[in-house]
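Visitor: Sharing a structure here in structure tokens format.
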Amino acid sequence: MTIPPSTGAPRRRLRAPARAALLLVACLALGGCGLLGPDGQQVGLVAGGGDQTGATGAATDARLEARSLVDMAAAADGTVRVLASAPSGPELWTVSPDGRLRRTPLAGLDGSPTQMAVDQAGTVHVVTGRPGIWRVDDRGTASRVVGDGRLGWSPDGSAAGDAALGLVGAVAAGPRGELYFTEQASDPGTATLVRVVQPDGTLRTVAGTRQVPAGERERERAIAAGFRPAPGTPATEVLLFDSTQRALAVADDGTLYLTTRGGVLAVRDGTASPVLAPHAPGRDTVAPEPFEREAAAAEIGLDLAGPQRPDLAVDQDGNLYLAQQALEDQVPEGFRWTGDLGDAEALARSLVDGTVRYRVRRVTPAGEVATAAWGAGEVAAAGGRVYLAALAGDGRALVVSLQPPG
């Protein structure tokens, strides 16, 4: 939805209450949901932008600082969690539905966190790129619950808690309490598998193969085929060869999404298919407004081989969100975050000034692609809202939410 700017007389800046009233009138008149305000993309402040550094308090008054943002998750009740690499070490920021922030330092992990999964019961699991998955309790104490610490290989059917594992870089929770994770195997060849901890506590491979062709030419063909599997290809026959840290997400219907160096794959009913795949360089349209159609998924060329880990999220309607590294000198004005941001307004403005590092795209179930936001490296979706976490150049973080179009 676009609210057209006035023409003719010089534009006069309205005070915040008047701007909010004008936006509400426009939304009601056009049947929309407030995606665009007079100054850009309407967002709601969730956390950050303030100056309070205590362990608890109002989330919107907090000063959030981090060296990097690792991952985020959101629940249908409005609870938002952000895993951050804070100056003092890994820290979990939890925002309750009533807007209260709790900062929880994490202890007991082997290595630095690379991704987080939160199941429907609110249980937090973390992976670090080492062999294992850790469960984090309310005090921030981490205990290894998958893998026994040995670096190696355990076949399907092995007890998850006693398994020797390869390097685990990504994790996601399924709708029925399943725990999916990526494992880099090195015997007989280096490749990545996606495995799941089943309800009976045993391991099963759901995507990827350990069979790596020995010949260079055959290996290159298998790698290329893994980026764009043919229809009906069993997911466990797809070679996931590159070592890029992957992101995982699981939809309510059990569809598994994973990133590769060359795009995004979906695993449904045991078969793999490309959602976004690489192709020869071509048009990369940037729409002037959020959620405006840019192209069909088959027309989008993707490269996720950069140093920054992408992030994935799926909403209750099956829309897939991908946050990825993307350098853009000129972001359309329609993507500048605005709304009742209070002291966070200047911080929000800085996220799209200069060279922007992240772009969040949405892929609908019908295969239509649009840019949902710029500036945020972490994305989550729950309860009809999209949540974004962004890190500014000065190390301050901001968490916002927005209402996608119906």
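Per the working numbering, residue 235 is the first one in the sequence shown, and the count goes up by one each step. Think of the CB as a built atom: it goes at the ideal place given N, C-alpha and C, for glycine as much as any other residue. None of these values were measured; they are calculated from a predicted model.
1) Take the Cβ of E612 as the centre, count every other Cβ of all protein chains shown within 10 Å, and call the residue buried at 16 or more, exposed below.
2) Does the beta-carbon distance from A600 to E526 come in below 8 Å?
3) Pick helix, strand or coil for D305, following the three-state DSSP scheme.
4) Would you report the Cα separation of G381 and G408, rounded to the nearest angstrom?
5) Taking 6 Å as the limit between beta carbons, can you name the residues of its chain near V259, skipping five residues before and five after?
6) Please state if the CB of S584 and the CB of V277 are separated by a distance shorter than 8 Å.
7) Could you spell out where the beta strand (DSSP E) holding A406 opens and where it closes?
8) Taking the Cβ atom as the reference point for each residue, do R438 and Q432 lie within a distance shorter than 8 Å?
9) In the DSSP assignment, what are the bridge partners of S319?
10) Taking only the alpha-carbon atoms, compute the straight-line gap between M350 and A464 and give it to the nearest angstrom.
11) Within its chain, find whatever has a CB closer than 6 Å to the CB of A624; leave out the 5 residues flanking it on each side and keep chain order.
12) Where DSSP assigns a beta bridge to D545, which residues make up the other side?
13) Taking F663 as part of the alpha helix (DSSP H), name the residues at either end of that continuous run.
14) Kindly indicate which three-state DSSP category T605 falls into: helix, strand or coil?
15) From the DSSP output, in three-state form, read off A699 for me.
16) State the start and end residues of the unbroken alpha helix (DSSP H) segment that holds I457.
17) In angstroms with no decimal places, state the Cα-to-Cα distance between D371 and L499.
18) Between L536 and L385, what straight-line distance do the alpha-carbon atoms span, to the nearest angstrom?
19) Given a cut-off of 8 Å on the beta-carbon distance, is the pair G383 and A341 in contact?
20) Roughly how many angstroms lie between the CA atoms of A615 and L556, to the nearest whole one?
21) Determine the extent of the beta strand (DSSP E) in which R378 is found, giving its start and end residues.
22) Would a C-beta distance cut-off of 8 Å place T470 and A448 closer than the cut-off?
23) Which partner residues does L575 have in the DSSP bridge list?
24) Note down the Cα distance separating A531 from W368, rounded to an integer number of angstroms.
25) What did DSSP end up calling L257 once you bin it into helix, strand or coil?
Guide: With the given structure in hand:
1) Buried: at least 16 other Cβ atoms inside 10 Å.
2) It is not a contact, given that the beta carbons lie outside the stated cut-off.
3) Looking at D305 - three-state DSSP - the assignment turns out to be strand.
4) A direct Cα-Cα distance of roughly 19 Å separates G381 from G408.
5) Low confidence applies here, because V259 scores a pLDDT of 40, under 50, leaving its location unreliable and the question unanswered by this model.
6) No, these two residues do not count as a Cβ contact at 8 Å.
7) Where A406 is concerned, the enclosing beta strand (DSSP E) stretches over L401 to A407.
8) With contacts defined as CB atoms closer than 8 Å, R438 and Q432 qualify as a contacting pair.
9) Under DSSP, the beta-bridge partners assigned to S319 are S302 and P324.
10) One Cα belongs to M350, the other to A464, and the distance between them is close to 31 Å.
11) A distance below 6 Å between beta-carbons, with the five flanking residues on each side excluded, links A624 to the following residues of its chain, in chain order: L585, G609, A610 and L632.
12) Answer by DSSP bridge pairing, in chain order: A557.
13) With the chain represented from 235 up to 640, any question about residue 663 goes unanswered, as that position is not in the structure.
14) Assignment of T605 by DSSP, reduced to helix, strand and coil, places it in the strand class.
15) The question about residue 699 has no answer here: the residues shown for the chain are numbered 235 through 640.
16) Segment E450 to F461, the alpha helix (DSSP H) holding I457.
17) Taking the straight line joining both Cα atoms gives about 32 Å.
18) Their backbone Cα atoms lie some 32 Å apart in a straight line.
19) Their beta carbons are not under 8 Å apart, which means G383 does not touch A341 by this criterion.
20) One C-alpha to the other measures close to 11 Å.
21) Run containing R378: A376 to V380, per the beta strand (DSSP E) assignment.
22) Cβ atoms of T470 and A448: not closer than 8 Å.
23) Answer by DSSP bridge pairing: none, since L575 is not bridged.
24) Roughly 35 Å separates the two Cα atoms.
25) Confidence at L257 is low in this model, with a pLDDT of 39, below 50, so the placement of that residue should be treated as unreliable; the coordinate-derived value is given next. For L257, the secondary structure class from DSSP, reduced to helix, strand or coil, is helix.
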